[in-house]
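S.K.:
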Amino acid sequence: MSRPIAGGRGDGIERRACSPATAVAGEQGTRQWRVMDSGENEEEQDMKPSERMKIARQHMPEQEPLVRARRFTEVNQGYAPTTACLEAQRCLQCKDGKCIKGCPVGIDIPAFVAAVSENDLHKAADILFAANVLPGVTGRVCPQETQCEAECIRGKKETPVAVGYLERFVADWAREHRKDLFTPPPPTGKKVAIVGSGPAGLTCAGECAKRGHQVTIFEALHIPGGVLVYGIPEFRLPNFIVEAEVETLRHRGVDIQCDVVIGQTYTIPELMESEGFDAVFIANGAGLPIFQGIPGEHLKGVYSANEFLTRVNLMGAYRFRDGEADTPVMRASQVVVVGGGNTAMDSVRTAKRLGAEPAILVYRRSREEMPARIEEVKHAEEEGINIQILTNPVEVLGDEHGWVRAVRCQRMELGEPDDSGRRRPVAIKGSEFDIPCQVFIEAIGTRANPLLTQTTPGLKVNKWGYIEVDANCMTSIRGVFAGGDIVRGSATVILAMGDGKTAAGAIHRYLMNGK
């Protein structure tokens with residue numbers, strides 16, 4: 008007998024854990040949860056570590072590669088309840104909780120995973136949302152394999168518990184079934200301005216709202232979300248997920264004002280003085296694209312990854328041909344992308360979905376040194392992306408009309424380690440060759456946009472233009488804090504969120520205690 012997963016408290020359904028046998032038999036796509044008798048429940052609760060160790064990591068259902076490579080719908084399909092329960096039972100419930108230390112926002116991972124294994128999704132959601140205001144996002148794009156899952160004791164000898172997949176499962180369940188995740192605290196009377204609505208800004212806003220502060224987010228674009236909506240494709244992070252997370256913050260009383268450029272519409276001093284804010288958190292990211300500086304970058308058909316992805320993700324350019332979007336983007340039968348990070352993977356997989364055949368990624372180091380997530384590289388290869396390692400573009404070639412016709416590349420070999428700890432790529436003389444293409448996309452990183460910093464007297468920045476902060480995210484200006492990419496340079500979503508959480512705590516102490 009199976010029952011639909013509980014939809015809310017007081018629904019009359021007893022919350023009991025599923026059994027391993029039930030979960031093994033369950034199908035991935037069947038979103039039902041078997042309710043057991045008390046004897047079975049007690050047996051599951053008393054599972055020995057040796058029994059948990061016998062459970063294999065559960066596969067995340069995915070769209071078929073050849074199908075998804077022409078679609079912008081999400082690749083990963085999410086766990087079914089029985090699958091999530093079984094995966095949660097793999098957790099050994101370590102007493103020291105090393106996985107928590109690996110999480111930049113400090114989620115009590117063993118507790119929320121245990122709640123999933125017990126089929127108490129209300130409790131799991133409470134634990135998750137207490138530490139993370141964007142779990143639907145981080146469950147999809149956070150590099151858990153290098154953070155919480157890297158600390159999982161099961162991963163020392165085999166595969167770690169799929170913390171990210173379970174986080175996504177709980178967040179998606181809560182979005183459908185929970186509307187009571189927040190109880191407004193007593194207002195403090197303090198006003199906090201957040202510059203930017205990316206992961207750092209949204210996190211800081213949510214954490215400040217929890218503490219009773221009046222929060223206003225100022226976003227330069229016409230919709231909130233920052234890099235989450237302009238930089239990450241729909242097939243990795245659907246925009247409706249970001250919209251739902253933002254709506255949760257609005258429910259918490261956060262005011263979001265779009266089309267406001269801080270440094271132009273208002274300056275930081277104006278926010279602190281004439282607009283009456285008691286503290287400011289700067290989280291405007293680092294969205295100024297970097298180019299290689301090679302010949303031919305002026306040609307038609309050369310994109311920065313920022314522009315390319317913004318056109319497609321934020322402006323919906325992939326729907327331009329159908330008359331559903333006003334912003335076009337170049338489609339080409341042959342596209343070359345340079346870079347090895349997640350943005351490069353997003354760009355080349357997007358080009359593939361726009362019709363590129365081949366869609367080629369060139370990277371100057373080896374496969375092992377690619378900073379992109381392992382899962383994203385795997386998905387890219389399954390979709391037919393041509394990855395050429397130890398290859399570096401040296402010139403973009405054009406035709407007589409000024410359009411890109413090819414990219415001249417050079418083979419590389421690895422030398423001694425550089426400042427990043429990775430072996431330095433060294434050009435092989437005489438190894439040049441041309442790759443025909445009509446579009447060339449540069450995805451080699453971004454840097455700080457100086458608009459805000461240049462209009463803020465007394466704000467200290469380093470030689471690269473990033474804002475300098477102390478351990479509490481306080482800048483050189485009292486009451487002004489900063490975090491995310493504008494401090495770190497290009498970093499991950501979860502690291503930016505960690506900064507937002509740290510800054511919120513520091514802002515609260517500053518507002519309440521003056522320090």
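For any residue, its number in the numbering used here is found by taking its place in the sequence shown, counting from 1, and adding 7.
In this text, a Cβ means the ideal position worked out from N, Cα and C, and glycines have one as well.
Values in this document were obtained by computation on a predicted structure and should not be read as measured data.
By Cβ distance, which residues of its chain are closer than 6 angstroms to Glu174, with the 5 residues on each side in sequence left out?
M.R.: Indexing the sequence shown from 1 puts residue 174 at position 167. Cβ within range, chain order: Pro142, Gly146.
S.K.: Please classify Pro119 as buried or exposed, where buried requires at least 16 other C-beta atoms within 10 Å of its C-beta.
M.R.: Start at 1 with the first residue of the sequence shown, and residue 119 comes out as number 112. In the sequence as displayed, the identity of residue 119 is Phe instead of Pro. Buried, because 16 or more other Cβ atoms sit within 10 Å of the Cβ of Phe119.
S.K.: Taking the alpha carbon of His408 as the point to measure from, which residue in Val140, Gly308, Ile230, Val345 has its own alpha carbon closest?
M.R.: As a position in the sequence shown, residue 408 is number 401, starting the count at 1. When only C-alpha atoms are compared, the closest one is Gly308.
S.K.: What three-state label does DSSP hand Met60 in the structure shown?
M.R.: Taking the sequence shown and counting its residues from 1, one reaches residue 60 at position 53. If DSSP states are grouped into helix, strand and coil, Met60 belongs with the helices.
S.K.: Based on Cα-Cα distance, which residue from Gly109, Pro111, Gln100, Gly113 lies nearest to Ala122?
M.R.: Your numbering for residue 122 matches position 115 in the sequence shown. Selected option, being the one with the closest Cα: Gln100.
S.K.: Judging by CA-CA distance, which residue of Asn246, Arg259, Asp103, His220 is the nearest neighbour of Phe284?
M.R.: Sequence index remark: in the sequence shown, residue 284 carries index 277 (1-based). It is His220 whose Cα lies nearest to the Cα of Phe284.
S.K.: Exposed or buried, Met60, counting other C-beta atoms within 10 Å across all chains shown (16 or more means buried)?
M.R.: Position 53 of the sequence shown, counted from the first residue, corresponds to residue 60. That one is exposed.
S.K.: If you reduce the DSSP assignment to three classes, tell me which class Gly405 lands in.
M.R.: Numbered from 1 along the sequence shown, position 398 holds the residue referred to as residue 405. Gly405 falls in the strand class under three-state DSSP.
S.K.: What are the uninterrupted segments assigned as beta strand (DSSP E) that are 3 or more residues long and contained completely in the stretch 172-230, given in chain order?
M.R.: Qualifying beta strand (DSSP E) stretches, in chain order: 198-202, 221-225.
S.K.: Is the beta carbon of Val401 less than 8 angstroms from the beta carbon of Ile301?
M.R.: For this step, residue 401 is matched to residue 394 along the sequence shown. For this step, residue 301 is matched to residue 294 along the sequence shown. It is a contact, given that the beta carbons lie within the stated cut-off.
S.K.: My guess is that Ala207 and Gly507 are in contact by the Cβ rule of under 8 angstroms, so how many angstroms apart are they, rounded?
M.R.: As a first step, residue 207 is located in the sequence shown; it is residue number 200 there, counting from the start. As a first step, residue 507 is located in the sequence shown; it is residue number 500 there, counting from the start. With a Cβ gap of about 4 angstroms, Ala207 and Gly507 count as contacting.
S.K.: Which class does Thr89 belong to by DSSP, given the choice of helix, strand or coil?
M.R.: Taking the first residue of the sequence shown as position 1, residue 89 is located at position 82. Helix at Thr89.
S.K.: Would you kindly check if the distance between the Cβ of Leu128 and the Cβ of Val177 is under 8 angstroms?
M.R.: Counting from one through the sequence shown, the residue named residue 177 turns up at place 170. Counting from one through the sequence shown, the residue named residue 128 turns up at place 121. The beta carbons of Val177 and Leu128 sit closer together than 8 angstroms.
S.K.: Taking 8 angstroms as the CB-CB cut-off, is Gly496 touching chain B?
M.R.: Any reference to chain B falls outside this structure, which holds one protein chain only.
S.K.: Taking DSSP's pairing of strands, which residues face Phe288 in a bridge?
M.R.: Within the sequence shown, the letter at position 281 stands for residue 288. Phe288 is bridged to Ile201, Phe488.
S.K.: Under 8 angstroms: do the stretch 345-354 and the stretch 232-240 share three or more Cβ pairs, one atom per stretch?
M.R.: yes
S.K.: Would you mind stating whether Val236 and Asp262 have Cβ atoms separated by less than 8 angstroms?
M.R.: On the sequence shown, residue 236 is found 229 positions in, with the first residue counted as 1. On the sequence shown, residue 262 is found 255 positions in, with the first residue counted as 1. No, Cβ-Cβ distance for Val236 and Asp262 is not below 8 angstroms.
S.K.: Give the single residue among Leu502, Lys385, Ile396, Thr482 whose Cα lies nearest to the Cα of Tyr517.
M.R.: Here residue 517 refers to the residue found at position 510 of the sequence shown. Selected option, being the one with the closest Cα: Thr482.
S.K.: If you draw a straight line from the alpha carbon of Met67 to that of Glu382, how long is it in whole angstroms?
M.R.: As a working note, residue 67 is residue 60 in the sequence shown. As a working note, residue 382 is residue 375 in the sequence shown. The straight-line gap from Cα to Cα measures roughly 11 angstroms.
S.K.: Between the C-alpha atoms of Asp406 and Lys105, what's the straight-line distance to the nearest angstrom?
M.R.: The residue given as residue 406 occupies position 399 in the sequence shown. The residue given as residue 105 occupies position 98 in the sequence shown. C-alpha separation (whole angstroms): 57 angstroms.
S.K.: In the DSSP assignment, find the alpha helix (DSSP H) that holds Asp133 and state where it starts and stops.
M.R.: The residue given as residue 133 occupies position 126 in the sequence shown. Asp133 -> alpha helix (DSSP H) spans 128-138.
S.K.: So the beta strand (DSSP E) Asn393 belongs to, where does it begin and stop?
M.R.: Taking the first residue of the sequence shown as 1, we reach residue 393 at position 386. 393-395 is the span of the beta strand (DSSP E), which, as asked, contains Asn393.
S.K.: Report yes or no: do the stretch 463-472 and the stretch 429-436 share at least 3 C-beta pairs separated by less than 8 angstroms?
M.R.: no
S.K.: Leu256 and Ala212: beta carbons closer than 8 angstroms?
M.R.: The residue you call residue 256 lines up with position 249 of the sequence shown. The residue you call residue 212 lines up with position 205 of the sequence shown. Contact flag set, yes.
S.K.: Output yes or no for whether 8 angstroms exceeds the beta carbon distance between Ile62 and Leu93.
M.R.: For the purposes of this step, residue 62 is taken as residue 55 along the sequence shown, with counting starting at 1. For the purposes of this step, residue 93 is taken as residue 86 along the sequence shown, with counting starting at 1. Taking 8 angstroms as the Cβ cut-off, Ile62 and Leu93 qualify as a contacting pair.
S.K.: List the residues that DSSP assigns as beta-bridge partners of Phe447.
M.R.: For the purposes of this step, residue 447 is identified with residue 440 of the sequence shown, where counting begins at 1. Looking at the DSSP assignment, Phe447 forms a beta bridge with Val309, Val343.
S.K.: Once DSSP output is grouped into helix, strand and coil, what is the label at Val468?
M.R.: In the sequence shown, residue 468 corresponds to position 461, counting from 1. In the structure shown, Val468 sits in a strand (DSSP, three-state: E or B).
S.K.: Excluding the five sequence neighbours on either side, which residues of its own chain have a C-beta within less than 8 angstroms of the C-beta of Ile134, listed in chain order?
M.R.: For the purposes of this step, residue 134 is taken as the residue at position 127 of the sequence shown. Ile114, Asp115, Ala118, Phe119, Ala122, listed in sequence order.
S.K.: I'd like the span of the alpha helix (DSSP H) that includes Pro72, first residue to last.
M.R.: Reading the sequence shown from its first residue, position 65 is the one you call residue 72. Element bounds for Pro72: 72-75.
S.K.: Assuming Ile448 contacts Phe315 under a Cβ cut-off of 8 angstroms, what Cβ separation, rounded to an integer in Å, is found between them?
M.R.: Translated into the one-based positions of the sequence shown, residue 448 becomes position 441. Translated into the one-based positions of the sequence shown, residue 315 becomes position 308. Indeed they touch by this definition, with Cβ atoms about 5 angstroms apart.
S.K.: For Asn479, collect the residues of the same chain with a Cβ closer than 6 angstroms to its Cβ; drop the 5 residues on either side in sequence, then sort them by chain order.
M.R.: Position 472 of the sequence shown holds residue 479. Result list for Asn479: Ala513, in chain order.
S.K.: Mapping DSSP to helix, strand and coil, what is Glu165?
M.R.: Position 158 of the sequence shown, counting from 1, holds the residue named residue 165. In the structure shown, Glu165 falls within a coil segment according to DSSP collapsed to helix, strand and coil.
S.K.: With H, G and I counted as helix, E and B as strand and the rest as coil, what does DSSP make of Lys508?
M.R.: Position 501 of the sequence shown holds residue 508. It is helical.
S.K.: By how many angstroms is the C-alpha of Pro56 removed from the C-alpha of Gly362?
M.R.: Here the question's residue 362 lines up with position 355 in the sequence shown. Here the question's residue 56 lines up with position 49 in the sequence shown. Straight-line Cα distance between these residues: approximately 49 angstroms.
S.K.: At which residues does the beta strand (DSSP E) containing Cys106 begin and terminate?
M.R.: On the sequence shown, residue 106 is found 99 positions in, with the first residue counted as 1. No beta strand (DSSP E) contains Cys106, which is instead part of the alpha helix (DSSP H) from 105-108.
S.K.: Where does Ile269 sit, in a helix, a strand or coil, going by DSSP?
M.R.: In the sequence shown, counting from the first residue as 1, residue 269 sits at position 262. Reduced to three states, the DSSP call for Ile269 is strand.
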